[in-house]
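A short worksheet on the structure shown next.
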Amino acid sequence: MAWDFSTEPEFQEQLDWVAQFCRNEVEPLDLVFPGAAYSRNPKAKALADPLKQQVKDRGLWALFLDKDLGGPGFGQLKLALLNEILGRYRSAPVVFGTAAPDTGNMEMLAAYGTPEQKDKWLYPLMNQEIFSAYSMTEPQGGSDPTMFRTRAVRDGDEWVINGEKWFTSAGSHADIIFVMCVNGMYVVPRDTPGVEIMSYPQLHNHIRYTDVRVPAGNLLGPEDGARVLAQRRLGGGRIHHAMRTVAQVKLAFDMMCERALSRESHGKVIAEHQMVQEAIADSYAELNMLRLLVLWTAWTIDNSSTQQSRTQIATCKYTCAKVLREVSYRALHILGSLGTTNLTPLQAMFASSPTMAIADGVDEVHKATVARNVLKGYEPHPGIWPTEYIPAKRQEARKKYADLIAADPDMAAWADMAERSVRG
Ligand SMILES: Cc1cc2nc3c(=O)[nH]c(=O)nc-3n(C[C@H](O)[C@H](O)[C@H](O)COP(=O)(O)OP(=O)(O)OC[C@H]3O[C@@H](n4cnc5c(N)ncnc54)[C@H](O)[C@@H]3O)c2cc1C
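Taking the numbering used here, the leading residue of the sequence shown gets 45, the next gets one more, and so forth.
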């Protein structure tokens with residue numbers, strides 16, 4: 045009997061340390077010097093680097109990577125439990141060496157990079173000596189990769205890239221950009237001539253690539269392999285989003301419960317009003333359904349592969365967006381006017397829910413994938429009636445008791461009555 049929802053005591057100790065470290069070190073840094081963990085400013089680094097060192101000393105750096113690549117090799121299930129804590133704090137993923145978009149890019153490099161490519165980019169990325177971005181979406185189309193046009197053409201020992209990309213997160217901050225072309229995935233140093241970063245949007249950049257020349261060795265994985273690499277990258281990224289969303293939803297839920305017990309209206313504490321209780325009960329159910337879905341998916345990845353878990357990963361992606369929207373809305377509502385301000389995390393959390401339903405693939409596309417894959421396990425019913433059409437099933441079942449019905453009038457009457465009741 046292998047069903048078991050418990051956490052090993054040794055790993056629980058790690059989780060307890062992470063929770064206390066995030067509360068005592070990461071959150072204060074976020075509150076007083078927002079962005080310091082990401083900054084290259086030497087004064088900010090002097091604050092953030094010792095925290096990163098503590099994480100490394102504890103063996104918790106680059107949590108998502110296997111042991112042979114320098115991570116602790118926890119696997120996805122343990123990572124999910126850790127992300128339930130890290131996802132509460134804005135810069136915790138950076139302090140633990142697990143921040144997007146670098147994580148997905150590192151996964152691609154780890155899976156498809158040559159030893160030289162790993163030396164050049166993977167290890168510096170792991171140590172946050174450099175930062176990266178991922179250029180896939182184009183202005184004329186995001187959800188449908190057949191609409192992408194950016195292409196690399198071989199010229200001697202170089203590739204020459206031409207195209208335009210939209211919404212490359214942290215592109216202006218990155219040292220290297222993974223550029224998805226229709227004929228391969230290429231690593232492009234940001235300062236290469238021809239890389240032009242538009243002035244807006246500011247965080248997710250619009251980038252033009254005009255006659256950008258990179259050495260032949262900057263092709264990652266096989267020629268024409270960009271879509272396979274992209275799936276590898278995005279599969280991991282999506283489940284990590286969902287893991288961190290569990291943390292956000294739990295934060296909203298905690299805030300909702302605390303406030304419900306603290307505020308009075310119409311003669312009683314608001315937790316005693318039934319509609320507030322409904323909000324709490326629905327949120328509790330949705331939080332735990334999401335959490336179990338994510339943990340089950342993480343467990344499935346550990347016991348098969350990201351590719352074999354893609355239906356579950358897609359389910360996590362649109363479900364986490366929906367649960368985030370619903371629970372953060374209820375929490376915001378229960379905090380009343382205060383909830384609508386930026387004096388608590390709730391307003392930003394609620395505002396981020398549409399983003400969660402778009403980034404790394406829009407809900408509709410994931411839902412279509414899930415429905416398509418799930419339907420592969422089904423067949424149309426053979427005749428005009430569904431398999432569960434009761435009269436037909438009963439006729440078939442009567443054959444099993446044909447001798448008894450023929451021999452015993454009481455039992456025949458009973459069986460006939462059952463048949464009449466469904467007709468009636
Ligand atoms: C915060 C954030 C960060 C991002 N970071 C990056 C990044 O680092 N690099 C990168 O390359 N991209 C990034 N993206 C872009 C992201 O990948 C795209 O936004 C996403 O793939 C959707 O593409 P689109 O925005 O062009 O929307 P569209 O493809 O234009 O879709 C718009 C809408 O059309 C409808 N629709 C589209 N297709 C279907 C369909 N098949 N069935 C039904 N309805 C459909 C849906 O309602 C959908 O919401 C990021 C996006 C966000 C929000």
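We put the beta carbon where it would ideally sit given N, CA and C, even for glycine.
All values reported here derive from a predicted model rather than from experimental measurement.
Open item on the list: At the level of alpha carbons, what is the spacing between residue 270 and residue 339?
Closed with: 29 angstroms
TODO: Would you check if the stretch 251–259 and the stretch 289–308 touch, i.e. whether three or more CB-CB distances between them fall below 8 angstroms?
DONE: no
- [ ] Report the three-state DSSP secondary structure of residue 174 (helix, strand or coil).
- [x] coil
Task: Opening and closing residue of the beta strand (DSSP E) in which residue 286 lies - done: First-last for residue 286: 270–306, but that is the alpha helix (DSSP H), not the beta strand (DSSP E).
Task: the stretch 119–126 contacting the stretch 76–94, beta-carbon criterion three pairs below 8 angstroms - done: no
TODO: State buried or exposed for residue 105, treating a residue as buried only when at least 16 other CB atoms are found within 10 Å of its CB.
DONE: buried
TODO: Hey, could you find the ends of the beta strand (DSSP E) residue 37 is sitting in?
DONE: Since the first residue shown for the chain is 45 and the last is 468, residue 37 is missing from the structure and cannot be characterised.
Task: Rounded Cβ spacing between residue 179 and residue 223 (contact assumed at less than 8 angstroms) - done: 5 angstroms
Task: Proximity of residue 361 and residue 284 at Cβ, strictly below 8 angstroms - done: no
- [ ] Pull up the DSSP beta-bridge partners for residue 312, would you.
- [x] 309
- [ ] Following the continuous beta strand (DSSP E) through residue 317, name the residue where it begins and the one where it ends.
- [x] No beta strand (DSSP E) holds residue 317; DSSP gives it neither H nor E.
Open item on the list: What does the alpha-carbon distance come out to for the pair residue 63 and residue 240?
Closed with: 41 angstroms
Open item on the list: I'd like to know if the stretch 196–213 and the stretch 160–176 are in contact, where contact means that at least 3 CB-CB pairs between them fall below 8 angstroms.
Closed with: No, the stretch 196–213 is not in contact with the stretch 160–176.
Task: 8 angstroms Cβ shell around residue 191 - same chain, five flanking residues per side excluded - done: 182, 184, 185
Task: Per DSSP, the bridge partner or partners of residue 207 - done: Answer is 253.
Open item on the list: Per DSSP, what are the beta-bridge partners of residue 196 in this structure?
Closed with: 205
Open item on the list: Give me the residue from 368, 333, 160, 147 with the minimum Cα distance to residue 172.
Closed with: 147
TODO: Inspect the CB distances between the stretch 123–134 and the stretch 69–77 and report whether three or more fall short of 8 angstroms.
DONE: Yes, the stretch 123–134 is in contact with the stretch 69–77.
Task: Span of the alpha helix (DSSP H), counted from its first residue to its last, around residue 432 - done: Careful: residue 432 lies outside any alpha helix (DSSP H) and carries neither H nor E.
- [ ] Give the DSSP-derived three-state secondary structure of residue 380 in the structure shown.
- [x] helix
- [ ] Examine ligand 1 and report whether any of its heavy atoms sits within less than 7 angstroms of the Cβ of residue 179.
- [x] With a cutoff of 7 angstroms, residue 179 counts as near ligand 1, since its C-beta is closer than that to a heavy atom of the ligand.
TODO: Counting only the same chain and skipping the five closest in sequence on each side, list residues whose C-beta sits under 6 angstroms from that of residue 218.
DONE: 175, 176, 177, 234
- [ ] May I ask whether a heavy atom of ligand 1 can be found less than 7 angstroms away from the beta carbon of residue 135?
- [x] no
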